[in-house]
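J.: I am attaching a structure below and will ask some questions about it afterwards.
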Amino acid sequence: MKAVYTHPKSLKKTPFHYCPGCGHSVAHRLVCEVIDEMGLQERVIGIPPPGCSVFAYNYFDVDMAESAHGRGAAVATGIKRAYPESVVFTYQGDGDLAGIGTAETIHAANRGENITTIFINNAVYGMTGGQMAPTTLRGMKTTTTPYGRDHILEGHPIRMSEILAMLDGVTYIERVAVNSPANIRKAKKAIAKAFQVQLDGRGFSMVEILSPCPTNWKMTPVKSWQWVDEEMTKIFPLGVYKDVMEKTVAD
Amino acid sequence: MPDKQPAVKAARGKIVITRELCKECGLCIHFCPKKVIVQSGKLNAAGYQSADFKDDGECTGCAICAIVCPEVAIEVYRD
Amino acid sequence: MTKVLMDGNSAIAEAAIRAGCQCYFGYPITPQNELTEYMALNLSRRKGCAFVQAESEVAAINMVYGASVAGARAMTSSSSPGISLKQEGISYLAACELPAVIVNMQRGGPGLGSISAAQSDYFQATRGGGHGDYRTIVLGPSSVQELADMTMRAFDLADKYKIPVIILGDGVLGQMKEPVEFKREAPAVLAIRDGSLRGAKGRPSRIIKTFTSNPSELEEINWSLFRRYTLIKKEETTSETFLTEDARLVVVAFGIAARIAKGAIKNLRAEGLKVGLMRPVTLWPFPDEPLKEMAKTIKQYLVFEMNMGQMVEDVQLALSGQGEVAFYGRPGGVIPNPSEVARVISRLYYQKGLK
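Sequences listed follow chains L, H and P, in order.
Under the numbering used here, residues 1 to 251 are what the first sequence spells out, in order.
Under the numbering used here, residues 1001 to 1079 are what the second sequence spells out, in order.
Under the numbering used here, residues 2001 to 2355 are what the third sequence spells out, in order.
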């Protein structure tokens, strides 16, 4: 018998500290598989956020630099402008990218910075204990919306893939999920495509990954993976939001 | 009338679960199409009941378990 | 070398380019826009260099962080309100031991304040400014020539000690035009700093961070930073004196205030008053040893600054009661002239019965 599934080389063997069923674990592995298959381990510089994945550097065996909350897109801009031959990716949560980092995210995208953003959307602030996030669904109970998110007081969940897709500087945006084998396969393809956009010098790419958070959603892992399909994809439909194949950074 | 195609033999597969990495999320058990993964009833050092592979010849090596396992705890082998 | 007539803001930019600055990230704010615009005109088209007008001062400092991570000499500039926005980023730079140059052309504060020159960010600059225990080197130029020289020195110090360096200028210095000589040519090849992140090729992957769930680890990082600060204090503390050898009263002032005070002192000396000037040039590390030494024979000091009293505390700390410290300050962007300051000095001189 031969092995058909092995541990990615660029993923360290450190056991994950993430909760049982957490989407981060799957997302980390997919990014590492793509890094391996595209031969990028020696070129990549990754920027993890504050959040549950603050320890991403314990898992990704690539150069990584810590960033302040929300500033990943600006840090990535600085790295890429100083060293254009690098392959730079940010790995950001929903509060990081869509809350405190909205300006940095929108403007890096608008400038068409040649970077790749992996956006983990689990509709909640995980690490700090389950508070409302910019992407929390209406009616969702979190520790700061104990009565359910009320759009009159707390606004609506924000759809970053749709917003960024409107910007001329953006080349490729796809929203995927890591809650089923089929979706995980599609998510990996999207991640590979996003890195290819960067390698081809064609501008800004982002993959928004709907990610289960069993602990803060107060569900079992299996139930939380189902909830992504049942509820999250209603508000955050999966699919390609922008794909400008012919575009180059020079355009 | 053309000859009937010989029946396609299903691939034989095997998985190896690293017990100490398992966090009892239950996803491999849930998604396995052949239901060859079960709860072992044995606790690992972290206090989780690790998943166990039922080596009854039904595994096809489809690797769905490995694809969904968040802990990268499953190796898959196929003929 | 030829001298050119240049405004201070532009001189900083030109000096930075000649010091091998590879990346500049900035944001418009009065009174430093000539610096940002000079970089847009002259840095953006240089081979291997990058200019970005960022979406905010917050974004700009984080871009500097990124460029420094990648091994480049990187710089940002702003004025007081914008420097407040950068404090988080500066704390991260200091924590991760990343070199960077930050220029503050101070204006009146607090709040939106005024666009006129002030010196009210001294505390912010010399006490770290952001959260946590850290320091940045702070240089206090008082002429356009010094803006140029200190900018070049700033890049060298930043790289040598792996620390952010602040150039604490002000709106007057930035806007005034003086002849300046640039003592370096721009390097043909831009250096890449050792220990930067350029992709883990042929070496293990590297991490730049300080977050830890182990307080003892962070404690050791703090001690390590402060051991370096002790070394910087020993090696880099700089100050200047003017006519202090026989002085009975010494004015202590930095930056533009020192320039004004010099004018006042020259006039008072002509009238027979024995006054001198002690000018801290590195504001951090603060030159307390030279002051302590001076206090063995000179007992009367007047601290003059364009704020409500910030450097005066460092003077008092340095003297530890070995001298009398008086204070004269003008906040809000008001720029006193030499005769006003001369009046204050002479009033104190006579009130104290100095001869």
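No residue lacks a Cβ here, since even glycine has one placed at the ideal position from N, Cα and C.
With DSSP collapsed to three states, give me the class of Lys-141 (chain L).
T.: coil
J.: Where are the beta strand (DSSP E) runs, 3 residues long or more, that stay fully inside the region 2114-2185 of chain P, in chain order?
T.: 2137-2139, 2164-2170, 2177-2181
J.: List the residues that DSSP assigns as beta-bridge partners of Tyr-59 (chain L).
T.: Per DSSP, none; premise fails for Tyr-59 (chain L).
J.: Please classify His-156 (chain L) as buried or exposed, where buried requires at least 16 neighbouring CB atoms within 10 angstroms.
T.: exposed
J.: Would you list, in chain order, the members of the region 27-48 of chain L that have their beta-carbon closer than 9 angstroms to a beta-carbon of chain P?
T.: Leu-40, Gln-41, Glu-42, Arg-43, Val-44, Ile-45, Ile-47, Pro-48
J.: Take every Cβ of the region 2040-2059 of chain P, pair it with every Cβ of the region 2111-2124 of chain P, and state whether three or more of those distances are shorter than 8 angstroms.
T.: no
J.: Report the start-end ranges of each beta strand (DSSP E) in the region 98-140 of chain L that is 3 residues or longer and not cut off at the edges.
T.: 116-121
J.: What residue ranges within the region 204-251 of chain L form continuous alpha helix (DSSP H) runs of no fewer than 4 residues, ordered along the chain?
T.: 214-217, 221-227
J.: Can you list, in chain order, the residues of the region 79-112 of chain L whose Cβ is nearer than 7 angstroms to any Cβ on chain P?
T.: Ile-79, Arg-81, Ala-82, Tyr-83, Ser-86, Ala-103, Glu-104, His-107
J.: Assuming Val-2250 (chain P) and Gly-2276 (chain P) form a contact by the criterion Cβ under 8 angstroms, report the distance between their Cβ atoms to the nearest whole angstrom.
T.: 5 angstroms
J.: Using a beta-carbon distance below 8 angstroms, is Lys-1014 (chain H) in contact with chain L?
T.: yes
J.: Does DSSP put Cys-52 (chain L) in a helix, in a strand, or in coil?
T.: helix
J.: Out of L:Met-219, L:Leu-199, L:Phe-236, L:Asn-216, state which residue places its alpha-carbon closest to the alpha-carbon of Val-34 (chain L).
T.: L:Leu-199
J.: Bridge partners of Ile-1037 (chain H), per DSSP?
T.: H:Phe-1053
J.: For the beta strand (DSSP E) that contains Cys-2372 (chain P), what are its first and last residues?
T.: Since the first residue of chain P shown is 2001 and the last is 2355, residue 2372 (chain P) is not available in this structure.
J.: Could you tell me the distance, in whole angstroms, from the CA atom of Thr-116 (chain L) to the CA atom of Ile-79 (chain L)?
T.: 12 angstroms
J.: Does Gly-2171 (chain P) pass the burial test, meaning 16 or more other C-beta atoms within 10 Å, or should it be called exposed?
T.: buried
J.: For Phe-2304 (chain P), collect the residues of the same chain with a Cβ closer than 7 angstroms to its Cβ; drop the 5 residues on either side in sequence, then sort them by chain order.
T.: Val-2251, Ala-2253, Ala-2257, Ala-2261, Tyr-2328, Val-2341
J.: In chain H, which residues lie less than 9 angstroms from Ile-184 (chain L) when you measure between Cβ atoms?
T.: Ile-1067, Val-1068
J.: Using the C-alpha atoms, what's the distance from Glu-1024 (chain H) back to Pro-20 (chain L)?
T.: Rounded to the nearest angstrom, the two C-alpha atoms are 7 angstroms apart.
J.: The beta strand (DSSP E) that contains Tyr-2328 (chain P), what's its start and end?
T.: 2324-2329
J.: Can you list, in chain order, the residues of its chain whose CB lies under 6 angstroms from that of Cys-32 (chain L), leaving out five sequence neighbours each side?
T.: Apart from sequence neighbours up to five positions away, the residues of its chain that approach Cys-32 (chain L) with a beta-carbon distance below 6 angstroms are Pro-8, Ser-10, Leu-11, ordered along the chain.
J.: For Ala-3 (chain L), which residues in chain H fall below 8 angstroms Cβ to Cβ?
T.: Glu-1075, Val-1076, Tyr-1077
J.: So, is Val-1068 (chain H) buried or exposed, given that buried needs 16 or more other C-beta atoms within 10 angstroms?
T.: buried
J.: Below 8 angstroms on the Cβ atoms is my guess for Ile-209 (chain L) versus Gly-23 (chain L); work out the distance and round it to an integer in Å.
T.: 7 angstroms
J.: Please work out which residues of its chain come closer than 6 angstroms, Cβ to Cβ, to Gly-2174 (chain P), disregarding the five sequence neighbours upstream and downstream, and give them in chain order.
T.: Excluding sequence neighbours, Gly-2174 (chain P) sits near Gly-2008, Asn-2009, Pro-2031, Gln-2032, Met-2105.
J.: Can you confirm whether the region 2064-2071 of chain P touches the region 2192-2207 of chain P when touching is taken to mean that 3 or more C-beta pairs between the two stretches lie within less than 8 angstroms?
T.: yes
J.: Which residues of chain L have a Cβ atom closer than 9 angstroms to the Cβ of Gly-1026 (chain H), listed in chain order?
T.: Pro-20, Gly-21, Thr-220, Pro-221, Val-222
J.: Just to confirm my understanding: we take Asn-2062 (chain P), look at its own chain, exclude 5 residues before and 5 after, and list those with CB closer than 7 angstroms. What are they?
T.: Gly-2089
J.: For Ser-2339 (chain P), which of helix, strand or coil comes out of DSSP?
T.: DSSP places Ser-2339 (chain P) in the helix class (H, G or I) of the three-state scheme.
J.: Report the three-state DSSP secondary structure of Phe-2226 (chain P) (helix, strand or coil).
T.: helix
J.: For Ala-192 (chain L), which residues from the same chain have a beta carbon less than 8 angstroms from its beta carbon, with the 5 sequence-adjacent residues on both sides left out?
T.: Val-34, Glu-37, Met-38
J.: So what does DSSP say about Asn-2104 (chain P), is it helix, strand or coil?
T.: strand
J.: Excluding sequence positions up to five away, which residues of its chain have a Cβ less than 7 angstroms from the Cβ of Glu-2057 (chain P)?
T.: Listed in chain order, the non-local C-beta contacts of Glu-2057 (chain P) below 7 angstroms within the same chain comprise Tyr-2027, Ser-2078, Gly-2082, Leu-2085, Lys-2086, local neighbours out to five positions each way being set aside.
J.: Look up Leu-2277 (chain P) in the DSSP assignment and give the residues it is bridged to.
T.: P:Phe-2242, P:Val-2251
J.: Do Arg-2135 (chain P) and Trp-2284 (chain P) come within 8 angstroms of each other at the CB atom, strictly closer than that value?
T.: yes
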